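Presented below is the structure to which this report refers.
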Amino acid sequence: MAKFVVTLRFPDSFDAEFIALIPEHRSLINQLIESNVVEAYAISANRTRGWVTMNGSSEEVIRNTVEQFPLYPFLLQVEIDELFVFDSTASRFPRISLN
């Protein structure tokens, strides 16, 4: 299975409709994390960009999943890049402690 990073561009300000969809959006992201579709989810401190590391068989599958995000209609831009290398502390064995 391939790994992709999705870059999301959010609007500069959020209206009430956007804010009302955040709990539903987070619920879906949590479900996708639990099912190992999403590995990492991050939003910039100024809340204008986000990055989602996802597992999928193709860019089309990833795009179809992103289009299901409740906040998708508000996104100004979506970029999907297939990764060649993805390394993180989460993908390594836990450090051994002799204590």
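First residue of the sequence shown? That's 1 in UniProt numbering, and the numbers climb one at a time after it.
Every residue, glycine too, gets a C-beta built ideally from N, C-alpha and C.
Because the structure is a prediction, the values reported are computed rather than measured.
Opening and closing residue of the alpha helix (DSSP H) in which residue 26 lies: Walking along the sequence shown from the start, residue 26 turns up at place 26. Start and end: 16-34.
Per DSSP, cross-strand counterpart(s) of residue 72: In the sequence shown, the residue the question calls residue 72 occupies position 72. For residue 72, no pairing in a beta bridge is given by DSSP.
Closest residue to residue 47 among 18, 2, 63 (Cα-Cα distance): For the purposes of this step, residue 47 is taken as residue 47 along the sequence shown, with counting starting at 1. Among 18, 2, 63, the Cα nearest to that of residue 47 belongs to 18.
Between the CA atoms of residue 85 and residue 74 - distance to the nearest angstrom: Taking the sequence shown and counting its residues from 1, one reaches residue 74 at position 74. Taking the sequence shown and counting its residues from 1, one reaches residue 85 at position 85. Distance between the alpha carbons of residue 74 and residue 85 is about 30 Å.
Backbone CA spacing between residue 3 and residue 81 [nearest angstrom]: Sequence index remark: in the sequence shown, residue 3 carries index 3 (1-based). Sequence index remark: in the sequence shown, residue 81 carries index 81 (1-based). Taking the Cα positions, residue 3 is about 9 Å away from residue 81.
Closest by C-alpha distance to residue 13, when choosing among 83, 94, 88, 76: Residue mapping note: residue 13 aligns to position 13 of the sequence shown, counting from 1. For residue 13, the nearest C-alpha among the options comes from 76.
Residue 32 versus 52, 21, 88, residue with shortest Cα-Cα distance: Taking the sequence shown and counting its residues from 1, one reaches residue 32 at position 32. Ranked by how close their Cα comes to the Cα of residue 32, the residues 52, 21, 88 have 52 in first place.
Assumed close pair residue 55, residue 39 - CB separation to whole angstroms, cut-off 8 Å: Locating residue 55 in the sequence shown gives position 55, where the first residue counts as 1. Locating residue 39 in the sequence shown gives position 39, where the first residue counts as 1. Confirmed, Cβ separation roughly 7 Å.
Reference residue 62; option with closest CA among 49, 37, 70: In the sequence shown, the residue the question calls residue 62 occupies position 62. Comparing alpha carbon positions, the residue from 49, 37, 70 closest to residue 62 is 37.
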